[in-house]
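All remarks here apply to the structure that follows.
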Amino acid sequence: MRLKNDFAVSRRKMVDNQIRRRGISDPGLLDAMNQVPRHLFVDQSLWPRAYEDHPLPIGEGQTISQPYIVALMTDALGLTGSEKVLEIGTGCGYQTAVLAKLADWVISIELIRSLSRRAQQTLEELGIFNVNLHVADGTLGWPDEAPYDAIMVTAGGPEVPLPLTEQLAEGGRLVVPVGDAHVQDLLRVTRRGDQLVQENLGGCRFVKLVGEHGW
Ligand code: SAH
């Protein structure tokens, strides 16, 4: 039987040692990561490793991001609870679940149907319903629901996908890894009127963002 509350001690240690200790202090974010049972998003054979300080395979050659990277990217969006968020790269749905705890509504796009379907199932099992998952090329964004207060891309591309900046609301933040196929810089792009303000949050390493505005 799947229990929601098991691995609670590992989860608390993950939050304290990997996230709080590295300087992330937003209580809502730390609380969300304490609540979401990360192990349920990976294969049962990986449960004992689900709270370790690194990415893990989720099938189809893709990975669930390191917990600290999930925290760092979420923190960079500065969510307050009222936002409509677009996520590109649903993967296993773990990051989606964290976003759903901190925002009003999350629309998440994944290219690989089998991953999206499994993520949907896990999110439903956890009673997380303020999410809409779609199978599509997320480099095009999701114009139907635009503009977004926050957009997160959890795969690395060669450039900031133009449709995503176009779908940012005034004051909206886009967090996206940009670089070559091996290493990227985590960029935050903020819309201020017609201006896009870009900050570099540091080096990172993601699987490839493929698609029309990706690789
Ligand atoms: N946040 C996810 C990370 C998964 S890895 C998690 O925690 O599990 C990145 C994901 O982005 C992969 O599942 C990959 O299939 C997906 N992806 C890559 N390019 C994409 C695109 N253009 N549109 C949507 N998803 C994409």
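Per this note's numbering, the sequence shown starts with residue 14, numbered consecutively.
Cβ coordinates follow ideal geometry from the N, Cα and C atoms, glycine included.
Put residue i into one of helix, strand or coil per three-state DSSP.
i: residue 82; result: helix
i: residue 70; result: strand
i: residue 55; result: coil
i: residue 161; result: strand
i: residue 131; result: helix
i: residue 96; result: coil
i: residue 111; result: helix
i: residue 31; result: helix
i: residue 121; result: strand
Consider the C-beta atom of residue i and the heavy atoms of the ligand SAH; say whether any pair is separated by less than 6 Å.
i: residue 117; result: no
i: residue 92; result: no
i: residue 127; result: no
i: residue 49; result: no
i: residue 167; result: yes
i: residue 95; result: no
i: residue 197; result: no
i: residue 175; result: no
i: residue 85; result: no
i: residue 121; result: no
i: residue 101; result: yes
i: residue 56; result: no
i: residue 152; result: yes
i: residue 217; result: no
i: residue 69; result: no
i: residue 223; result: yes
i: residue 188; result: no
i: residue 64; result: no
Express the C-alpha separation of residue j and residue i in angstroms, rounding to a whole number.
i: residue 104; j: residue 208; result: 31 Å
i: residue 202; j: residue 90; result: 10 Å
i: residue 106; j: residue 206; result: 32 Å
i: residue 28; j: residue 41; result: 12 Å
i: residue 194; j: residue 68; result: 17 Å
i: residue 96; j: residue 178; result: 16 Å
i: residue 222; j: residue 170; result: 5 Å
i: residue 21; j: residue 44; result: 12 Å
i: residue 75; j: residue 174; result: 20 Å
i: residue 77; j: residue 156; result: 26 Å
i: residue 61; j: residue 83; result: 19 Å
I'd like to know whether the C-beta atoms of residue i and residue j end up nearer to each other than 7 Å.
i: residue 162; j: residue 88; result: no
i: residue 180; j: residue 149; result: no
i: residue 168; j: residue 220; result: yes
i: residue 189; j: residue 200; result: yes
i: residue 109; j: residue 119; result: yes
i: residue 129; j: residue 146; result: yes
i: residue 224; j: residue 152; result: yes
i: residue 232; j: residue 111; result: The question about residue 232 has no answer here: the residues shown for the chain are numbered 14 through 228.
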